[in-house]
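For reference, the structure discussed in these notes is given below.
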Amino acid sequence: MEKKLYVGNLSYKTKDEDLNTLFSEAGAVASVKILTDRETGRSRGFGFVEMETEDSAQAAISKFDGYTFDGRKLKVNESRPQERRGNTGAPRRSF
7 MEKKLYVGNL SYKTKDEDLN TLFSEAGAVA SVKILTDRET GRSRGFGFVE METEDSAQAA
67 ISKFDGYTFD GRKLKVNESR PQERRGNTGA PRRSF
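Position one of the sequence shown corresponds to residue 7 (this note's numbering), numbered consecutively onward.
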(Lines of atoms letter the chains of each structure in order from A and count residues from 1; the text may use other names and numbers.)
(Lines give C-alpha, C1' and ligand atoms only; values in the text may rest on other atoms or scores of the structure.)
Protein backbone atom coordinates (compact mmCIF):
# COMPACT_ATOMS: atom_id res chain seq x y z
CA MET A 1 0.00 0.00 0.00
CA GLU A 2 1.32 3.45 -0.93
CA LYS A 3 2.31 5.84 1.84
CA LYS A 4 2.35 9.62 1.43
CA LEU A 5 5.11 11.63 3.09
CA TYR A 6 5.30 15.36 3.81
CA VAL A 7 8.65 16.91 2.88
CA GLY A 8 9.25 20.40 4.29
CA ASN A 9 11.98 23.04 4.33
CA LEU A 10 12.78 22.53 0.65
CA SER A 11 14.96 24.96 -1.23
CA TYR A 12 12.93 27.06 -3.67
CA LYS A 13 15.11 25.72 -6.50
CA THR A 14 14.35 22.03 -5.77
CA LYS A 15 12.34 20.34 -8.53
CA ASP A 16 10.07 17.28 -8.49
CA GLU A 17 12.72 15.29 -10.38
CA ASP A 18 15.34 16.13 -7.72
CA LEU A 19 13.14 14.75 -4.93
CA ASN A 20 12.26 11.68 -6.98
CA THR A 21 15.95 10.89 -7.46
CA LEU A 22 16.73 11.45 -3.77
CA PHE A 23 13.82 9.42 -2.36
CA SER A 24 14.47 6.57 -4.82
CA GLU A 25 17.49 5.80 -2.63
CA ALA A 26 15.05 4.63 0.08
CA GLY A 27 12.76 2.59 -2.19
CA ALA A 28 10.27 2.76 -5.03
CA VAL A 29 8.64 6.19 -5.45
CA ALA A 30 5.04 6.30 -6.72
CA SER A 31 4.77 10.09 -7.13
CA VAL A 32 6.32 13.44 -6.19
CA LYS A 33 4.66 16.85 -6.03
CA ILE A 34 6.22 20.11 -4.85
CA LEU A 35 3.51 22.69 -4.22
CA THR A 36 3.75 26.07 -5.91
CA ASP A 37 2.16 29.45 -5.35
CA ARG A 38 -0.82 29.97 -7.69
CA GLU A 39 0.06 33.54 -8.57
CA THR A 40 3.86 33.42 -8.89
CA GLY A 41 4.47 29.76 -9.75
CA ARG A 42 7.29 29.77 -7.18
CA SER A 43 7.81 26.78 -4.90
CA ARG A 44 6.12 27.05 -1.51
CA GLY A 45 9.04 25.17 0.08
CA PHE A 46 7.25 21.90 0.75
CA GLY A 47 5.80 18.96 -1.09
CA PHE A 48 4.71 15.35 -0.93
CA VAL A 49 6.40 12.10 -1.89
CA GLU A 50 4.33 8.96 -2.21
CA MET A 51 6.32 5.79 -1.56
CA GLU A 52 5.07 2.46 -2.92
CA THR A 53 5.36 0.55 0.38
CA GLU A 54 5.17 1.23 4.10
CA ASP A 55 8.71 -0.13 4.51
CA SER A 56 10.17 2.24 1.91
CA ALA A 57 8.25 5.15 3.51
CA GLN A 58 9.72 4.36 6.94
CA ALA A 59 13.19 4.00 5.37
CA ALA A 60 12.78 7.41 3.71
CA ILE A 61 11.72 9.05 6.99
CA SER A 62 14.68 7.53 8.84
CA LYS A 63 17.15 8.45 6.12
CA PHE A 64 15.97 11.92 5.09
CA ASP A 65 14.42 13.62 8.15
CA GLY A 66 17.13 16.15 9.06
CA TYR A 67 19.10 15.37 5.88
CA THR A 68 20.75 18.38 4.23
CA PHE A 69 19.60 18.73 0.61
CA ASP A 70 20.18 21.79 -1.60
CA GLY A 71 21.59 23.54 1.48
CA ARG A 72 18.48 22.97 3.65
CA LYS A 73 17.71 20.44 6.41
CA LEU A 74 14.66 18.49 5.28
CA LYS A 75 11.68 17.78 7.50
CA VAL A 76 10.16 14.43 6.52
CA ASN A 77 7.21 12.72 8.18
CA GLU A 78 3.98 10.90 7.39
CA SER A 79 1.46 13.12 5.70
CA ARG A 80 -1.68 13.87 7.68
CA PRO A 81 -5.08 14.05 5.96
CA GLN A 82 -5.90 17.56 4.79
CA GLU A 83 -8.13 19.35 7.26
CA ARG A 84 -11.47 20.55 6.01
CA ARG A 85 -11.49 24.27 5.68
CA GLY A 86 -14.42 26.18 7.03
CA ASN A 87 -15.59 29.55 5.82
CA THR A 88 -12.66 31.25 4.11
CA GLY A 89 -14.35 34.63 4.24
CA ALA A 90 -15.15 34.59 0.54
CA PRO A 91 -18.69 35.63 -0.26
CA ARG A 92 -21.02 32.90 -1.43
CA ARG A 93 -22.43 33.26 -4.87
CA SER A 94 -25.93 32.31 -5.74
CA PHE A 95 -26.81 31.61 -9.30
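Glycine included, each C-beta is placed from N, C-alpha and C at the ideal position.
Might you give, ordered along the chain, the residues of its own chain that have their beta carbon closer than 8 Å to the beta carbon of residue i, omitting 5 neighbours on each side?
i: L80; result: V13, G14, N15, L16, F70, D71, G72, Y73, T74
State the Cα-Cα distance for the pair residue i and residue j, rounded to the nearest angstrom.
i: E56; j: S49; result: 18 Å
i: D24; j: T42; result: 15 Å
i: S68; j: V82; result: 9 Å
i: G53; j: R86; result: 13 Å
i: M7; j: R44; result: 31 Å
i: K19; j: T46; result: 14 Å
i: K10; j: S30; result: 14 Å
Give me, in chain order, the residues of the same chain whose beta-carbon lies closer than 7 Å to that of residue i; leave out the 5 immediate sequence neighbours on both sides.
i: A65; result: A32, G33
Spatial neighbours of residue i within its chain, please: C-beta separation below 6 Å, excluding the five flanking residues on both sides.
i: V38; result: D22, L25, N26, V55
i: R78; result: N15, S17
So does residue i have its beta carbon nearer than 7 Å to some heavy atom of the ligand GDP?
i: F52; result: For the structure depicted, the ligand GDP is absent and the ligand set is empty, with no information on it obtainable.
Out of the options, state which residue places its alpha-carbon closest to the alpha-carbon of residue i.
i: E60; options: E89, L28, A36, Q88; result: A36
Task: Any beta strand (DSSP E) of 3 or more consecutive residues that is wholly inside the stretch 40-73 - done: As far as the stretch 40-73 is concerned, its whole beta strand (DSSP E) runs of at least 3 residues are 49-57.
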